[in-house]
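> Structure incoming, see below.
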Amino acid sequence: MRFLLQSILALACASSLATASAQHLYTFGDSLSDNGNFYIASGGTYPPLDTYSWGRASNGSTWSARIGYHMGHAPNAEYLREPYGGFQGDLTGWNFAHYGATIDPSLMSTNGQKLPNQVDFFQSLANDGTFWIDPNDAFTIWAGTNDYLARGANDPSKQVSILMEQVLKIDSVRGKNIMVFDLPLWGNTPIGASWWNPQALNDLITSHNSQLAAAIDSLKAQSGVDVYYVPISELFTDVRNNPAEYGFTVVMPGNGSTGHCLGDGLVLNDCPSTYAFYDAVHPTSAMHRWIGNFGRAQYFAIQAAKEYSAIATSASAPALAYQEAAISGNSANLVSSGWSTHRNGPVELVSYHETQSADANSFAMLSDGLNNENSFSLMGARADLPSGIKFGFAVSSGTPDLINNPAQAVTASSGWAVQLEKAFGQYTARLKANGIEQAYQRQRATGFGRDPVVTAAYEQMQSTVTFGFDRSVVLLGADVTAGASFGFARQDRSGVRETGLTDLVSMNSPAEHYFDEVSEFHLSFARGGDMGWADLLLGADLSAIHINGQSYSAWSALGAHDFTHYDHLAARRAAIAAFYSALLFDNGWSTQARFAYGESDIETVSSAQVKLGYSW
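Oh and the sequence shown: position 436 is 435 in numbering that gives the first Met the number 0, straight run, nothing missing.
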């Protein structure tokens, strides 16, 4: 069934997107992300090796190195190649972060430390072809700590404005998946314990974070930039509130001089993994591990948000019953088609098995296409009403099998079709309504240690009401029918809520409802012959479909923050060709083989079916 195929295609896309790995990671920021740039720039003098691990402001690798490894590219994430140390071959990506960097360039005099300079350097390299930006690449910006803690910034609007300028620079070189981290509530950390007013510091950071979230939402809505707010502050707060869940015992501020490894005299390897902070402001390597996991979970969540939009795009836009009938010979075909009208009985039972494959060329992250096997049962009945009106009703049920997507499943599928038609000489008027409902289950890998896999269950229903005219003639011994149909399609999808161990990395999406205007033009050929022991029927269907889709936005929530993925639907077109042959035996049994091929704006689909039916 064509609609079912598109729904399964959307799910196949979902599975690929949800677990897609970034090709490269580009990191911008300060000492919280610097994996050795400043150490190289200082000639190997700072941070000192007797206190800090190989130029990192921690007792081990920063999160930016660890996330690269988890994204599946570097054999050892600590070998991220640093541009300031001499441009070398790329393993996972490039880290431009600098110890001491600020967002606001007016707060620092050293050019290399400023965030805008880091992004400018990257932009120049991308423009001259040093980098080839892949759609799956990830970009992270985590900066602002030095502005507020070390340089006295007190106007978050300025910092946020400069951050958005950097996002636009990355976007200008085709950057996607731009992840902007917010700031931890520093008043609740060791550095905050020595602050003159920890609450005032938290209020300042809260203002920064709220303005940052609003600015990102606005930029996304107005300019379509693929940028996302990463609430890293939620992770720090959850660690503070639930330290045992992360394996920590020392996370409280202490008095500023204690509550962290250096303050407690625990240097480098002596610093146990139970500490969250290495010094008053910098996390331990153990905490960086969780930051990296959280960053990876955010990347996967971004892909999941796009996936949910892809499901809505693929499922709300199809011609539903039109494509369903053209591809599969759906329930409505039991009412009036070459498959049924050659039968004398009013009732027909059909079971069929089909194998489908698809290539969704427009979805850049879907490389394996779609393979699935479906088994369905159909039952339909026909009746002649007064005034020459023919009535037909059919129901269907079945379970599809997503061969190459074990984490995705359509647990149930049911459909119905009602049709009225009346002939006027060579013309036939037809009113048709049908729908299909499916229940989905899915699993998604998050990349987050506490919540490695989340699950979701939801339902999706499509329905159409159409009116059309056909004209049939006999040409060269074949029945030739040409016609057109016009109507409306509606899609309803229940809200999607992922469940797991924590809400930090679980996605939630609201219920969605869409209307589309659909028109179809079709041409069919059918020729039957009496073979004595059976009727042989050969046929072909050609369809051209136009969908006038509406613009919409699909949003999802991750943790406590909502973010939106915008996908504007324009007019869509599809062309489908189907060829079939059937044997209609005198004892009521029948068999059919059918092959269909379709091209649309979003996909290429092929389908093969074998049917067995009985009529009486």
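Beta carbons are placed, not taken as given, at the ideal position from N, Cα and C, and that holds for glycine.
With respect to the alpha helix (DSSP H) encompassing residue 37, which residues constitute its N-terminal and C-terminal limits?
Translated into positions along the sequence shown, residue 37 becomes position 38. 36-40 is the extent of the alpha helix (DSSP H) around residue 37.
> Would a C-beta distance cut-off of 8 Å place residue 466 and residue 486 closer than the cut-off?
Locating residue 466 in the sequence shown gives position 467, where the first residue counts as 1. Locating residue 486 in the sequence shown gives position 487, where the first residue counts as 1. Yes, these two residues count as a Cβ contact at 8 Å.
> Drop a sphere of 10 angstroms on the beta-carbon of residue 244, count the other beta-carbons inside from all chains shown, and report buried for 16 or more, exposed for fewer.
For the purposes of this step, residue 244 is identified with residue 245 of the sequence shown, where counting begins at 1. It counts as exposed.
> Could you check whether the stretch 495-509 touches the stretch 530-546, counting it as contact only if at least three pairs of C-beta atoms, one from each stretch, sit closer than 8 Å?
no
> With a cut-off of 8 Å, do at least 3 Cβ pairs link the stretch 118-128 to the stretch 168-182?
yes
> Taking DSSP's pairing of strands, which residues face residue 135 in a bridge?
As a working mapping, residue 135 is identified with position 136 in the sequence shown. In the DSSP output, where bridge partners are listed per residue, residue 135 has none listed.
> Just verifying my parser: in three-state terms, what is the DSSP assignment at residue 508?
Looking up residue 508 in the sequence shown gives position 509. Residue 508: strand per DSSP, three-state reduction.
> In three-state DSSP terms, what is residue 247?
Position 248 of the sequence shown, counted from the start, is the residue given in the question as residue 247. The answer is coil: DSSP assigns residue 247 none of H, G, I, E or B.
> Pick helix, strand or coil for residue 537, following the three-state DSSP scheme.
Against the sequence shown, residue 537 aligns to sequence position 538. Note: residue 537 maps to strand in three-state DSSP.
> Based on the DSSP output, what are the partners of residue 277 in its beta bridges?
As a position in the sequence shown, residue 277 is number 278, starting the count at 1. Answer is none; residue 277 lacks a bridge partner.
> Going by other Cβ atoms of all chains shown within 10 Å of its Cβ, with 16 needed for buried, is residue 87 buried or exposed?
Within the sequence shown, numbered from 1, the residue matching residue 87 stands at position 88. Confidence at residue 87 is low in this model, with a pLDDT of 44, below 50, so its placement is unreliable and no value can be given for it.
> Roughly how many whole angstroms lie between the Cα atoms of residue 253 and residue 261?
Counted from its first residue, the sequence shown places residue 253 at position 254. Counted from its first residue, the sequence shown places residue 261 at position 262. So the alpha carbons of these two residues sit roughly 12 Å apart.
> Leaving out five residues on either side along the sequence, give the residues of the same chain with a beta carbon under 6 Å from the beta carbon of residue 229.
Walking along the sequence shown from the start, residue 229 turns up at place 230. Excluding positions up to five away in sequence, the list reads 178, 180 and 297.
> First and last residue of the beta strand (DSSP E) that includes residue 431?
Walking along the sequence shown from the start, residue 431 turns up at place 432. Segment 426-444, the beta strand (DSSP E) holding residue 431.
> Please report the distance separating the alpha-carbon of residue 24 from that of residue 139.
Residue mapping note: residue 24 aligns to position 25 of the sequence shown, counting from 1. Residue mapping note: residue 139 aligns to position 140 of the sequence shown, counting from 1. Computed Cα separation, rounded: 8 Å.
> How many angstroms separate the CA atom of residue 483 from the CA atom of residue 295?
If you number the sequence shown from 1, residue 483 lands on position 484. If you number the sequence shown from 1, residue 295 lands on position 296. One C-alpha to the other measures close to 50 Å.
> Please confirm if the stretch 48-65 is in contact with the stretch 155-163, defined as three or more CB-CB distances below 8 Å between the two stretches.
Taking 8 Å as the limit for Cβ pairs, the verdict is that the stretch 155-163 does not touch the stretch 48-65.
> Counting C-beta neighbours from all protein chains within 10 Å, is the total for residue 46 16 or more, i.e. buried, or is it exposed?
By one-based count along the sequence shown, residue 46 stands at place 47. Buried, because 16 or more other Cβ atoms sit within 10 Å of the Cβ of residue 46.
> How far does the alpha helix (DSSP H) with residue 482 in it extend, from its first residue to its last?
As a first step, residue 482 is located in the sequence shown; it is residue number 483 there, counting from the start. Taken as a continuous stretch (DSSP letters only), residue 482 belongs to no alpha helix (DSSP H), being part of the beta strand (DSSP E) at 477-492.
> Between the alpha carbons of residue 98 and residue 56, how many angstroms are there, rounded?
The residue given as residue 98 occupies position 99 in the sequence shown. The residue given as residue 56 occupies position 57 in the sequence shown. Near 8 Å, if we compare the C-alpha coordinates of residue 56 and residue 98.
> Considering just the uninterrupted stretch of the alpha helix (DSSP H) at residue 217, what are its terminal residues?
By one-based count along the sequence shown, residue 217 stands at place 218. From DSSP, the alpha helix (DSSP H) with residue 217 extends over 197-222.
> Take residue 477 and list the residues in its own chain whose beta-carbon comes closer than 7 Å to its own, dropping the five residues that flank it on each side.
Looking up residue 477 in the sequence shown gives position 478. Only 524, 525 and 526 meet the Cβ criterion.
> Per DSSP, what are the beta-bridge partners of residue 419 in this structure?
By 1-based counting over the sequence shown, the position of residue 419 is 420. Answer by DSSP bridge pairing, in chain order: 390 and 430.
> What is the DSSP secondary structure of residue 605, counted as helix, strand or coil?
Position 606 of the sequence shown, counted from the first residue, corresponds to residue 605. Residue state, collapsed to three classes: strand.
> Mind checking which residues open and close the alpha helix (DSSP H) that includes residue 449?
Taking the sequence shown and counting its residues from 1, the one referred to as residue 449 is at position 450. That residue, residue 449, is in no alpha helix (DSSP H); it is neither H nor E in DSSP.
> Got a sec, what are the start and stop residues for the beta strand (DSSP E) residue 595 sits in?
Position 596 of the sequence shown, counted from the first residue, corresponds to residue 595. Counting along the chain, the beta strand (DSSP E) containing residue 595 begins and ends at 588-599.
> Determine the DSSP secondary structure at residue 164, reduced to helix, strand or coil.
Locating residue 164 in the sequence shown gives position 165, counting from the first residue. Of the three classes helix, strand and coil, the one that applies to residue 164 here is helix, per DSSP.
> Measuring only the C-alpha atoms, how far is residue 394 from residue 301?
As a working mapping, residue 394 is identified with position 395 in the sequence shown. As a working mapping, residue 301 is identified with position 302 in the sequence shown. Spanning the two alpha carbons is a distance of roughly 38 Å.
> With a threshold of 7 Å on Cβ separation, who are the neighbours of residue 257 within its own chain once the five nearest residues in sequence on each side are excluded?
Stepping through the sequence shown from its first residue, residue 257 is reached at position 258. Closer than 7 Å at the Cβ level, and outside the excluded window around residue 257, lie 263.
> Pick helix, strand or coil for residue 179, following the three-state DSSP scheme.
Taking the first residue of the sequence shown as position 1, residue 179 is located at position 180. Of the three classes helix, strand and coil, the one that applies to residue 179 here is strand, per DSSP.
> So, at 6 Å on beta carbons, what are the nonlocal neighbours of residue 63 in its own chain, with the 5 sequence-adjacent residues on each side left out?
Your numbering for residue 63 matches position 64 in the sequence shown. So the qualifying residues of the chain are 26, 32, 34 and 94.
> Sorted by chain position, which residues of the same chain lie with C-beta nearer than 7 Å to residue 130's C-beta, five sequence neighbours on each side aside?
For the purposes of this step, residue 130 is identified with residue 131 of the sequence shown, where counting begins at 1. Counting only Cβ-Cβ distances below 7 Å, and skipping sequence neighbours, we find 124.
> By the 10 Å Cβ neighbour count, where 16 or more other Cβ atoms means buried, how is residue 589 classified, buried or exposed?
On the sequence shown, position 590 is the one that residue 589 refers to. Buried: at least 16 other Cβ atoms inside 10 Å.
> Would you call the CB atoms of residue 100 and residue 145 closer than 8 Å?
Working through the sequence shown from its first residue, we reach residue 100 at position 101. Working through the sequence shown from its first residue, we reach residue 145 at position 146. Closer than 8 Å, so yes.
> For the alpha helix (DSSP H) containing residue 503, name the first residue and the last one.
The residue you call residue 503 lines up with position 504 of the sequence shown. Per DSSP, residue 503 belongs to no alpha helix (DSSP H) and is neither H nor E.
> Skipping 5 residues on each side, what residues in its chain have a beta carbon closer than 6 Å to that of residue 291?
On the sequence shown, residue 291 is found 292 positions in, with the first residue counted as 1. For residue 291, where only same-chain residues beyond five positions count, the Cβ hits under 6 Å are 62, 65 and 66.
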